[in-house]
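Novice: I'd like to ask some things about the structure below.
Numbering (the working numbering), first residue to last: 490 to 605.
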């Protein structure tokens, strides 16, 4: 089963959600359901976790997951998790900092060509 991650970028900052189960910040995302395309799953997960539309602009494929880079849209639902924009990685992360740093490196190298 595929996993997707949404990285919303705004004014050089990136959005992360706080996962209370893992007690850390992470990018919104999750598993792709059987009847979904990766982009659909990414948008669905973003709406569930953040409560806002996600407008994907680019896709980065890694061995572990697909990363969709985009923008936050209008509010459409209540958020399952608290969220905020960061300009650097917070100390409290759900997974090793190296994983996030690698994602951000890829995102920053692509964001200019993604019509952000």
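Cβ atoms here follow ideal geometry from the backbone N, Cα and C, with glycine treated the same way.
Pick helix, strand or coil for residue 555, following the three-state DSSP scheme.
Specialist: As a position in the chain shown, residue 555 is number 66, starting the count at 1. Of the three classes helix, strand and coil, the one that applies to residue 555 here is strand, per DSSP.
Novice: Looking only at its chain, what residues have a beta carbon closer than 8 Å to the beta carbon of residue 530, apart from the 5 residues adjacent to it on each side?
Specialist: Within the chain shown, the letter at position 41 stands for residue 530. Result list for residue 530: 491, 493, 519, 520, 521 and 522, in chain order.
Novice: Looking at the secondary structure, which residues open and close the alpha helix (DSSP H) in which residue 530 lies?
Specialist: In the chain shown, residue 530 corresponds to position 41, counting from 1. That run of the alpha helix (DSSP H) goes 527–539.
Novice: Would you verify that the beta carbon of residue 534 is, or is not, closer than 8 Å to some beta carbon of chain B?
Specialist: Absent from the structure is chain B; it holds one protein chain and no more.
Novice: Which of the three DSSP states is assigned to residue 588 in this structure?
Specialist: Translated into positions along the chain shown, residue 588 becomes position 99. Note: residue 588 maps to helix in three-state DSSP.
Novice: Helix, strand or coil for residue 577, going by three-state DSSP, please let me know.
Specialist: In the chain shown, the residue the question calls residue 577 occupies position 88. DSSP places residue 577 in coil when its eight states are reduced to three.
Novice: Considering only the alpha carbon of each residue, which of 500, 498 and 596 lies closest to residue 549?
Specialist: Translated into the one-based positions of the chain shown, residue 549 becomes position 60. It is 596 whose Cα lies nearest to the Cα of residue 549.
Novice: Between 527, 582 and 567, which has its C-alpha nearest residue 554's C-alpha?
Specialist: In the chain shown, counting from the first residue as 1, residue 554 sits at position 65. The residue with the shortest Cα to Cα distance from residue 554 is 527.
Novice: May I ask you to report which of helix, strand or coil DSSP gives residue 597?
Specialist: Your numbering for residue 597 matches position 108 in the chain shown. Residue 597 falls in the helix class under three-state DSSP.
Novice: Specify, as a first and last residue, the run of the beta strand (DSSP E) that residue 521 falls within.
Specialist: Stepping through the chain shown from its first residue, residue 521 is reached at position 32. Element bounds for residue 521: n/a, residue is neither H nor E.
Novice: By DSSP's criteria, residue 505 is part of a beta bridge. Which residues make up the other side?
Specialist: Numbered from its first residue, the chain shown carries residue 505 at position 16. Per DSSP, 573.
Novice: Candidates 498, 581, 565 and 499: which alpha carbon is nearest residue 513's?
Specialist: As a first step, residue 513 must be located in the chain shown, where it is residue number 24. Nearest of 498, 581, 565 and 499 to residue 513, Cα basis: 581.
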